[in-house]
DNA sequence: AATGAAATCGACCAGCA
DNA sequence: TGCTGGTCGATTTCATT
């Protein structure tokens, strides 16, 4: 269950790459901004409006486009403090998954990663003030199996975007579909 | 026009909260799924289609909704390895910002945080294979001013969503607008 | 996989509470 | 300021190639 690739390659079918350059351009565009009209996209990519629509639909059906979401400004809700917490747990195997779920359920927690090495989980959270930060860390510590935590306060979010495609190098773009690991 | 708060309410203004319960519900919905039709949203929130449209437009104009984006599946592009890298830098102040920019520009890097404490940057990256992972870490090390790095391989992404609103506790929801830190 | 026509949906406006 | 109802234009869908 916890194989190296096991959890990353699960259920929702790892869609093998089958993209031409137009697809990558299109996906890069909509990843960055889904408000663009079909016409704009059609012009930029030199395709007909219908073709754009057809491709988008296909990518949705195949799960390449998982969803379309509004991106909200956390500051608009007073969420101006961010913390990165390293969590180590007591190694009674089997509990890891449950602890991960518990961590994910803590209010204010935004990201949870299970990692190899001495630190077991990396938890990224967002809160409004110091009181909430203390409460959040207390809640994490109180989870059964959590051994030790150490937190770093984020002073500046330099990059937070999830732009999968524009983050890729040329090499990565070339490597789509090929499995050379 | 420019009252007591005038200067605080300017242009790029961290938008002070001014949300009723309907706003929060609406924003929670569109943050989770922007594909819902105005009609669906109108039904769920007991408002007219026009009212939903009106509110969404307002939130956009105020920057509460920063953008609308397609969320892509990284696995569809073979990006099935994730690394969290702690980067410490030589403390010649003033360089930090430039180093942050350089880190952000490295292909494959998804998130960069500048933190307090002994570790200076936390960098989260996504690559397709071990070769790319090594290349990426080499590139980070080669950045001028970077002192030391230590990386953790991510075995499982338990939570990666940026659902600002659904991640908030009741206390946080109540705390919108009030500044009690 | 792409097209064009027909049905559906969202954007905008003037007016109103 | 927030909302309504109606109109117009854009988008989605579908039958065809």
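Residue numbers (this note's numbering), protein chains in the order written: chain H, 130 to 310; chain G, 130 to 310. C-beta: ideal position from N, C-alpha, C; glycine also.
Does residue i come out as helix, strand or coil in the three-state DSSP assignment?
{"i": "residue 162 of chain G", "result": "coil"}
{"i": "residue 240 of chain H", "result": "strand"}
{"i": "residue 183 of chain H", "result": "helix"}
{"i": "residue 148 of chain G", "result": "coil"}
{"i": "residue 189 of chain G", "result": "helix"}
{"i": "residue 266 of chain H", "result": "helix"}
{"i": "residue 253 of chain H", "result": "strand"}
{"i": "residue 297 of chain G", "result": "coil"}
{"i": "residue 202 of chain H", "result": "coil"}
{"i": "residue 136 of chain H", "result": "Below a pLDDT of 50, predicted positions are generally treated as unreliable, and residue 136 of chain H, at 35, falls in that range; no measurement from the model is reported."}
{"i": "residue 178 of chain G", "result": "helix"}
{"i": "residue 221 of chain G", "result": "coil"}
{"i": "residue 278 of chain G", "result": "strand"}
{"i": "residue 228 of chain G", "result": "helix"}
{"i": "residue 196 of chain H", "result": "strand"}
{"i": "residue 260 of chain H", "result": "helix"}
{"i": "residue 330 of chain G", "result": "In this structure chain G extends from 130 to 310, so residue 330 of chain G is not present and cannot be described."}
{"i": "residue 287 of chain H", "result": "strand"}
I'd like to check one pair, residue j with residue i: are the Cβ atoms closer than 8 Å?
{"i": "residue 217 of chain H", "j": "residue 277 of chain H", "result": "yes"}
{"i": "residue 356 of chain G", "j": "residue 213 of chain G", "result": "An answer regarding residue 356 of chain G cannot be provided, because it is not within the stretch 130 to 310 covered by chain G."}
{"i": "residue 257 of chain H", "j": "residue 287 of chain H", "result": "no"}
{"i": "residue 250 of chain H", "j": "residue 229 of chain H", "result": "yes"}
{"i": "residue 237 of chain G", "j": "residue 259 of chain G", "result": "no"}
{"i": "residue 157 of chain H", "j": "residue 294 of chain H", "result": "yes"}
{"i": "residue 211 of chain H", "j": "residue 275 of chain H", "result": "no"}
{"i": "residue 148 of chain G", "j": "residue 197 of chain G", "result": "no"}
{"i": "residue 239 of chain G", "j": "residue 253 of chain G", "result": "yes"}
{"i": "residue 285 of chain H", "j": "residue 243 of chain G", "result": "yes"}
{"i": "residue 184 of chain G", "j": "residue 153 of chain G", "result": "no"}
{"i": "residue 181 of chain G", "j": "residue 204 of chain G", "result": "no"}
Take residue i as the anchor and find which of the options has the nearest alpha-carbon.
{"i": "residue 289 of chain G", "options": "G:200, G:155 and G:166", "result": "G:200"}
{"i": "residue 206 of chain H", "options": "G:159, G:205 and G:194", "result": "G:194"}
{"i": "residue 261 of chain G", "options": "H:265, H:299 and H:184", "result": "H:299"}
{"i": "residue 241 of chain H", "options": "G:150, G:242, G:291 and G:172", "result": "G:291"}
{"i": "residue 305 of chain G", "options": "H:182, H:159 and H:202", "result": "H:202"}
{"i": "residue 247 of chain H", "options": "H:231, H:219, H:265 and H:227", "result": "H:219"}
{"i": "residue 221 of chain H", "options": "H:187, H:273 and H:191", "result": "H:273"}
{"i": "residue 159 of chain G", "options": "G:302, G:266 and G:188", "result": "G:188"}
{"i": "residue 265 of chain H", "options": "G:301, G:225, G:175 and G:172", "result": "G:301"}
{"i": "residue 245 of chain G", "options": "G:233, G:235 and G:225", "result": "G:225"}
{"i": "residue 172 of chain G", "options": "G:151, G:233 and G:227", "result": "G:151"}
{"i": "residue 234 of chain G", "options": "H:161, H:165 and H:297", "result": "H:297"}
Counting only Cβ-Cβ distances shorter than 8 Å, please list the residues of the region 199–233 of chain G near chain H, keeping chain order.
199, 200, 201, 202, 203, 204, 205, 206, 207, 208, 209, 210, 211, 213, 229, 230, 232 and 233
- Query: Which residues, taken in chain order from the region 238–251 of chain G, show a beta carbon closer than 7 Å to some beta carbon of chain H?
  - Reply: 238, 239, 240, 241, 242, 243, 244, 245, 246, 248 and 251
Contacting positions in the region 274–287 of chain G - beta carbon closer than 9 Å to chain H
279, 280, 281, 282, 283, 284, 285, 286 and 287
Please identify, using Cβ separations under 8 Å, the residues of the region 169–194 of chain G that lie next to chain H, in order along the chain. 191, 192, 193 and 194
- Message: Beta carbons nearer than 8 Å to chain H: which residues of the region 149–166 of chain G have them?
- Response: 156, 159, 160, 161, 162, 163 and 164
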